[in-house]
Structure formats: C-alpha cells, structure tokens
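Residue numbers (the working numbering), protein chains in the order written: chain G, 107 to 280; chain R, 19 to 185.
Reading through the structure tokens given below for one structure.
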Amino acid sequence: MLIGKRAEMVGFFLIVILVLAVSVLFDLAIARFSGSRMTGYVVSLLSTLLGLPLVIIFVSEATDIFHILVALGFGLMWWFIYLNVAQAVESSLRIRMLLEISDNGGTLPLEQLKTIYSDDKLIRLRLNRLTQGGAVVRENDRWYLRSAKLRTAAHFFTSLKRSMLGKGSQFEVR
Amino acid sequence: MYETAFYLLLLALPLGVILHIFVARLTQGRRIYLSAFLTLNFALVVLLFIQNIVSHDNFPQMLIVAALFMESFVVVYCLVLVGVVNDSPTLAIVKALMKSEPDGLSEPQLEDFIITHPFVSSRLEALDATGDVIFDNGLAALTARSKFFTTVISIYRQVIRVDRETG
C-alpha cells in the first residue's frame, strides 16, 4: 500500500519533469530554427499548460481534478523558473558583463567595461527600443509614454516596492 | 491527498506572502530573500501542524508534495522579488516618462535621469558582492565559479543562436 503510494508520487513528479523537458526542447528548437524567442516561450507555455493535464489523464489515469491542479501548479512554477533563467541568460546586464570579461580572456580593465556598458548608452538604447516598438513616441524633442501595459506594470512594481521596502525606487534616498 | 494538499497550499501561500510583506516592511528590506524563505515555510509548517491534528491520512506523502510545492513557490517568489528590489532600466524609464506627464520628457530631464540612475555601477557592485567578479588594480576578473557559469551560458547561447547587445 505504502509502496504503491510512493510509486504513484514518483510517477507524478516524473510526468511533470518529462512534460516540462519536452516544453523546453520545443522552446530551444523554435529559438534555434525560427529565431523568434517569443514564439518559443508561448509554445513552451502552452505545451506545459495543455500537455500536463492530458498526460496525467492518459498515463496515470487520474480523474481527480485536484491531482491535475497540483501538477499544473508545479508545471507552471517550474516553467516560470525556466523562463526567468533563460531571459536572464539572454538579456541580463550582469550576465552580459560577465560574458564581455570572459570574451577578453577572463579579465578586462574596469574603464573599458564602463565604456562598453555606460549608463548613457544603456538608457538611450532602451528608450530607442521602446520608441521603435511604439510604446513611446518622440514629438518636438520630447518623449511621451503611450503603452498602457507598461503603465500598469510600472504601477504594480512601484506599489509592491513601496509596500515592501517603503520606497519607490532602488536609487531613492530615504 | 491532492485535495488536502491543494487547500492547504491555497491557504499557506497567501498567508506566507502577507506575512513576508509585513516582515520586509519592518526590516526595511534587509535580508529580504532569507525572510521570504523563512516566512513562507513558517506559514506552511503552521498549517501542516493544524492539518496533522485534524487528520493523519497520507500525511508523509502530502508533506512531501506540499513542501516541494512551497520550495518551488519560494524560488518563483524570489524571482519576482528581484524585479521589485532592483529597478529594471526599462521600468525606470517608464516611471520617468510617467512623472514627466503631460509635458513629456525633455533631453535635459533625460540627462538628469541618467545621472541619478547609475544602473551599470549598481550591477558592478552586485557582481562584486556576490563574488562573481573581483576588482583589483583597475581590472575586473572572473572567479572560478563565474568562469564555469559563462562557459555554460555561452553553450546555451550558441544553441539558441542569440546575439549579444551591449544594453
């Protein structure tokens, strides 16, 4: 009885891991062959979201909705962790600096690093990306925000930061 | 078993998050990741204790599922916290644009913003604090750990053929 329950639990986690592994492979294959990161992320999310309940129903023959919900909770959390790791590896400023030092043989003069990654260059590049994407418009040498999604995200993170840290920005002096 | 675990986690997750918001506020964000780990697990332990008094059915199995679920949630929660604690350059620009409304952000205001938001220095300090880079005699050097990570990351980037931009 106890062994049966243990085996069922091991099977449960194996299914979650296998479905997630397939989703990650989909993402990597799409990224490599189509060059579209967003498509890869969406396909991997959908394959986790739809694949997990289907595999659980057909393989472990579970009809308990709570069994499926808990498995989905695990699947989505682990997918989110994968997404964050992938995005950090692909676009994090810290990772890029590490790669820059690595490309130079493991050491790099600090001044050279600061020239490559200056605040001015970084902020203007991000602002240009926002302008090109239509989230920001430039009129009469002034920039205006046009994206409602970014406005909502800014409100959300600022409220969360204020409620937890008592300040609205990392650079705000209390 | 999964039904009990589901309802237990449904209570433990919001309870742990609310508790952590209070703790983070009280400690002004000091050791925020450690306090997240402790408060979320504390919420789970309290509820598991109450649940164990009520029923002993499948308790060891439920304990494993609930504990693994909570530790996964702690990782997810800490990843969200990274975005809360550290300002993302894009989000900071959006906030500056919102602050400049309705007149819009002018070039001198943008220059002021750049001076008051030293993202590059803050990231360099973070790399130093985590021990990923050593700064010595004006040189930035990778440590054995970061050398290993950059090798793994380079392989991953080659697999997905991602191009590097400096910003």
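A virtual CB, placed ideally from N, CA and C, is assigned to each residue, including glycine.
Closest Cβ-Cβ distance between residue i and chain R: below 8 Å?
i: G:Met-183; result: yes
i: G:Ile-121; result: no
i: G:Phe-132; result: no
i: G:Ser-140; result: no
i: G:Ser-153; result: no
i: G:Pro-159; result: no
i: G:Phe-164; result: no
Could you confirm whether any beta carbon from chain G is found closer than 8 Å to the beta carbon of residue i?
i: R:Asn-70; result: no
i: R:Thr-57; result: no
i: R:Tyr-51; result: no
i: R:Ala-42; result: yes
i: R:Ala-159; result: yes
i: R:Pro-136; result: yes
Our contact map puts residue i next to residue j with C-beta atoms below 8 Å; I'd like the distance itself, whole angstroms only.
i: G:Asp-209; j: R:Val-138; result: With 8 Å as the limit, G:Asp-209 and R:Val-138 do not qualify as a contact, their Cβ atoms being about 18 Å apart.
i: R:Val-112; j: G:Leu-214; result: About 31 Å separates the two Cβ atoms, so there is no contact after all.
i: R:Leu-97; j: G:Asn-190; result: 5 Å
i: G:Tyr-223; j: G:Leu-199; result: 7 Å
i: G:Val-176; j: R:Tyr-20; result: 5 Å
i: G:Val-149; j: R:Tyr-174; result: No, G:Val-149 and R:Tyr-174 are not in contact; Cβ-Cβ is about 18 Å, not under 8 Å.
Between the options, which lies nearest to residue i when the distance is taken from Cα to Cα?
i: R:His-135; options: R:Leu-86, R:Leu-52, R:Asp-105; result: R:Asp-105
i: R:Asn-70; options: R:Ala-114, R:Ala-23, R:Val-177; result: R:Ala-23
i: R:Gln-127; options: G:His-173, G:Ile-123, G:Leu-236, G:Arg-230; result: G:Arg-230
i: G:Val-161; options: G:Leu-124, G:Leu-131, G:Glu-114; result: G:Leu-124
i: G:Ser-269; options: R:Glu-21, R:Val-103, R:Ile-133, R:Glu-119; result: R:Val-103
Quick check on the burial criterion: 16 or more other C-beta atoms within 10 angstroms. Buried or exposed for residue i?
i: R:Pro-32; result: exposed
i: R:Tyr-25; result: exposed
i: G:Gly-340; result: Shown here, chain G extends from 107 to 280; a query on residue 340 of chain G therefore has no answer.
i: G:Tyr-147; result: buried
i: R:Pro-78; result: exposed
i: R:Pro-120; result: exposed
Please list, in chain order, the chain B residues whose beta carbon lies closer than 8 Å to that of residue i.
i: G:Thr-264; result: Judged by its chain identifiers, the structure shown contains no chain B, and its protein chains are G and R.
Whole alpha helix (DSSP H) runs in the segment 52-90 of chain R with 4 or more residues, listed along the chain?
None, since the segment 52-90 of chain R contains no complete alpha helix (DSSP H) of that length.
For a minimum of 3 consecutive residues, which ranges assigned as the beta strand (DSSP E) are wholly contained in the segment 214-243 of chain G?
Counting only runs of 3+ residues, no beta strand (DSSP E) is found wholly inside the segment 214-243 of chain G.
Just list the alpha helix (DSSP H) runs in the segment 108-158 of chain R, keeping only unbroken ones of 4 residues or longer that don't cross its boundaries, in chain order.
Along the length of the segment 108-158 of chain R, whole alpha helix (DSSP H) runs at least 4 residues long occupy 125-134, 137-147, reported in chain order.
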